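Working notes for the structure below.
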Amino acid sequence: MSCDAVALAATLWLTAASPMAATATPAVAVSAPPSSVASEPLFLDIVKRADALKTEVDGWKGKDGPLPGWDTFAQQITELSGLDMQAHLLLKARGTDGDLKCILRGISQDLPVRLKEVQDAADTRARDMALKEMFWLLRDNVEVITTPPTATSGT
């Protein structure tokens, strides 16, 4: 499965599923879940940055006029995108987590697209919609790292 397909599937799953939702017990035995990377410095940094940016985005919803701190925000999104790609490459080099690796690559590619959508929004309503999409992408960036892995993908 391509990384883009995995990233899309994960985004849809994260949007639809609550992290607290009960999971069904698999009928087939599976190997031990992969180890979590959430406590590693690079991944902790990504979570911290994405969470802070998510809070900033949430504060901008419904506001008219220029967004305060936009240039700094845009720079931080660019940096976060680079960190997500760095994490993707680290996991790829390890060969340990196919799904997370692909999801992080997808988020890295989507962040600049969402940033441009916010910047190019024609009016407050369009900007709010773009901010909403940016919020969910940043939320996903936090959750894919902090949600404990449950199974290997086999890729």
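Going by the numbering used here, the first residue of the sequence shown is number 113, and it counts up by one from there. Positions of the beta carbon are idealized from the N, C-alpha and C atoms, including for glycine. These numbers come from a predicted model, not from an experiment.
Return helix, strand or coil for residue 254, following the three-state DSSP convention.
The residue labelled residue 254 in the question sits at position 142 within the sequence shown. Residue 254: helix per DSSP, three-state reduction.
For a test of the three-state rule: what should DSSP assign to residue 175, helix, strand or coil?
Position 63 of the sequence shown holds residue 175. The answer is coil: DSSP assigns residue 175 none of H, G, I, E or B.
Can we say the region 202-220 touches the region 164-177, given the rule of at least three CB pairs closer than 8 Å?
no
What separation, rounded to the nearest whole angstrom, lies between the Cα atoms of residue 194 and residue 247?
Here residue 194 refers to the residue found at position 82 of the sequence shown. Here residue 247 refers to the residue found at position 135 of the sequence shown. Rounded to whole angstroms, residue 194 to residue 247 spans 18 Å at the Cα level.
Excluding the 5 residues preceding and the 5 following residue 244 in the sequence, name in chain order all residues of the same chain whose CB lies nearer than 8 Å to its CB.
Here the question's residue 244 lines up with position 132 in the sequence shown. Excluding residues within five positions, the ones whose Cβ falls inside 8 Å are 173.
Rounded to the nearest angstrom, what separates residue 258 and residue 205 at their Cα positions?
Position 146 of the sequence shown, counted from the first residue, corresponds to residue 258. Position 93 of the sequence shown, counted from the first residue, corresponds to residue 205. Near 21 Å, if we compare the C-alpha coordinates of residue 205 and residue 258.
Note down the Cα distance separating residue 198 from residue 185, rounded to an integer number of angstroms.
Counting from one through the sequence shown, the residue named residue 198 turns up at place 86. Counting from one through the sequence shown, the residue named residue 185 turns up at place 73. Each residue's Cα considered, the two are about 20 Å apart.
Do residue 165 and residue 188 have their beta-carbon atoms positioned less than 7 Å apart in this structure?
Taking the first residue of the sequence shown as 1, we reach residue 188 at position 76. Taking the first residue of the sequence shown as 1, we reach residue 165 at position 53. Taking 7 Å as the Cβ cut-off, residue 188 and residue 165 qualify as a contacting pair.
Less than 7 Å between the beta carbons of residue 162 and residue 256, yes or no?
As a position in the sequence shown, residue 162 is number 50, starting the count at 1. As a position in the sequence shown, residue 256 is number 144, starting the count at 1. No, Cβ-Cβ distance for residue 162 and residue 256 is not below 7 Å.
Please confirm whether residue 151 and residue 261 have their CB atoms less than 7 Å apart.
As a position in the sequence shown, residue 151 is number 39, starting the count at 1. As a position in the sequence shown, residue 261 is number 149, starting the count at 1. Not in contact: residue 151 and residue 261 (Cβ atoms no closer than 7 Å).
Is the Cβ-Cβ distance between residue 202 and residue 226 less than 7 Å?
Position 90 of the sequence shown, counting from 1, holds the residue named residue 202. Position 114 of the sequence shown, counting from 1, holds the residue named residue 226. No, they are not a contact pair.
With a threshold of 8 Å on Cβ separation, who are the neighbours of residue 155 within its own chain once the five nearest residues in sequence on each side are excluded?
Within the sequence shown, the letter at position 43 stands for residue 155. Taking C-beta separations shorter than 8 Å and ignoring five residues to either side along the sequence, the partners of residue 155 in its chain run 149, 199, 257, following chain order.
Taking the C-alpha atoms as reference points, what is the distance between residue 207 and residue 179?
Indexing the sequence shown from 1 puts residue 207 at position 95. Indexing the sequence shown from 1 puts residue 179 at position 67. The alpha-carbon atoms of residue 207 and residue 179 are separated by roughly 41 Å.
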